[in-house]
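Engineer: With our numbering applied, the sequence shown closes on residue 314, and no number is skipped along the way.
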Amino acid sequence: MTQDQKNHRKMYGTVLAWFVQSGQPLLAIKLIGTITKQVLKDVAILDAQAGLQGALTTGVTRTRLAVKQEAAEKAEVLRGLVLVLSTDDKVTAALAKPVGSYFYGSDEAFRAYCQLVADAVAVLEKSDLEDAGYQPDVLATLTTDLKALAETTGAATLLQAGSKTATDALVPLFGAIDTDLVRLDRLVHAQHFTQGPLEAQYEALRRLPKTPAAHQFRAKGLTPFDVPQLAFNILDESVPTPTLYNTGGRGHDVVFYLGATPTSRPAPGQGVLVKNGKKVTLADYSALGDAATAPYLLVMQTSELAAGGWRVRG
């Protein structure tokens, strides 16, 4: 959600909670009760869509390396099936090498070898595949990843289409709720002479909450050697473009990364290494890991020295 959308959603919750409590007498008016129930349903749909937003965003935003790793994993599983099920000696000979042997070569050679695996699976007997426990989703994922690798270049960001798409999908939902609330405004105002105090309470709650002009997130801590330190849960804080600092002394190196738990360790090569006295500003969290499954931002000192320090701003 954008900040404006978050403000609207907060106001919806305040108004609906008031109707259930102090404003309950107004629900006895049939049309007010009907519209309030509809708003309640629409807000539930809105929340479901907003919850999907995070998944769409983090699922779509990945580095090319992450996509390549996934493709290699899927292709190797499928290669194993081909070697077991295929009766074509030429095919099995062509797929004699592990997919990993092509991983650090040229992208073109890697994609070609993975495509060879995919093509070999396509000609296997369906009944044999079923007997072997074949999962069609594996080939579908491999095909999608190979297409993504063929259509992009570089090693940084691959796709970032999810965020805007998901945010835009919320617009009509907010519009429908706002339209119903305008109708409620008029119906509640019509009770001015019989329920004046309730009308005044309702109007006070129908105002959007004020948002600070600027909000600066700050977090800091120490970095004992080889011990993961939790910075924050990225789902709980609105820090879309964090700046990572290493405040340690000479020789201190720290790595920032995403983990599935507050104590997760980084996988080999995962995360962003920040030298002492340096800072790195990120456009998103994709360089640190998969935010869809690992929402915790962690820091770990890799230098075998006394504890240094870290800081995050956003």
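Beta carbons are placed, not taken as given, at the ideal position from N, Cα and C, and that holds for glycine.
#1: For residue 286, which option in 270, 102, 249 has the closest C-alpha, if you only look at C-alpha atoms?
#2: Compute the Euclidean distance between the alpha carbons of residue 75 and residue 181, then round it to the nearest angstrom.
#3: If we count the other Cβ atoms within 10 Å of its Cβ and call it buried at 16 or more, is residue 21 buried or exposed?
#4: Buried or exposed: residue 246, going by 16 or more other Cβ atoms within 10 Å of its Cβ?
#5: Work out the CA separation of residue 188 and residue 290 for me, nearest whole Å.
#6: Need the endpoints of the beta strand (DSSP E) that residue 313 sits in, please.
#7: Could you give the DSSP three-state label for residue 108: helix, strand or coil?
#8: Can you pull the DSSP bridge partners for residue 225?
#9: Taking the straight line between their C-alpha atoms, what separation do you get for residue 229 and residue 3?
#10: If we ignore side chains and look at the alpha-carbon of each, how far apart do residue 227 and residue 121 end up?
#11: Does the beta-carbon of residue 267 have 16 or more other beta-carbons within 10 angstroms, so that it is buried, or is it exposed?
#12: Which of the three DSSP states, helix, strand or coil, is assigned to residue 208?
#13: Expressed to the nearest angstrom, what Euclidean distance is found between the alpha-carbon atoms of residue 6 and residue 240?
#14: Identify whether residue 317 lies in helix, strand or coil by the three-state DSSP scheme.
#15: Which of helix, strand or coil does DSSP assign to residue 30?
#16: Is the number of C-beta pairs between the region 37 to 47 and the region 73 to 88 that are closer than 8 Å three or more?
#17: With a cut-off of 8 Å, do at least 3 Cβ pairs link the region 277 to 284 to the region 242 to 256?
#18: Give the range of the beta strand (DSSP E) segment to which residue 273 is assigned.
#19: Of the residues 312, 294, 255, which one's Cα is nearest the Cα of residue 303?
#20: The beta strand (DSSP E) spanning residue 259 covers which residue range?
#21: Alpha helix (DSSP H) containing residue 12: first to last residue?
#22: By Cβ distance below 8 Å, which residues in the same chain neighbour residue 118 in space, the five residues on each side in sequence not counted?
#23: Measuring alpha carbon to alpha carbon, tell me which of 314, 261, 193 ends up nearest residue 219.
#24: By DSSP's criteria, residue 219 is part of a beta bridge. Which residues make up the other side?
#25: Taking 7 Å as the threshold (C-beta atoms), are residue 199 and residue 192 in contact?
#26: Residue range of the alpha helix (DSSP H) that residue 144 falls in?
Structural biologist: If we stick to the structure as given:
#1: 270
#2: 53 Å
#3: exposed
#4: buried
#5: 47 Å
#6: 308 to 313
#7: helix
#8: 301
#9: 29 Å
#10: 44 Å
#11: exposed
#12: coil
#13: 15 Å
#14: Only positions 1 to 314 of the chain appear in this structure, which leaves residue 317 out of reach.
#15: helix
#16: no
#17: yes
#18: 272 to 275
#19: 255
#20: 253 to 259
#21: 3 to 20
#22: 75, 78, 139, 142, 143, 146
#23: 314
#24: 312
#25: yes
#26: 136 to 151
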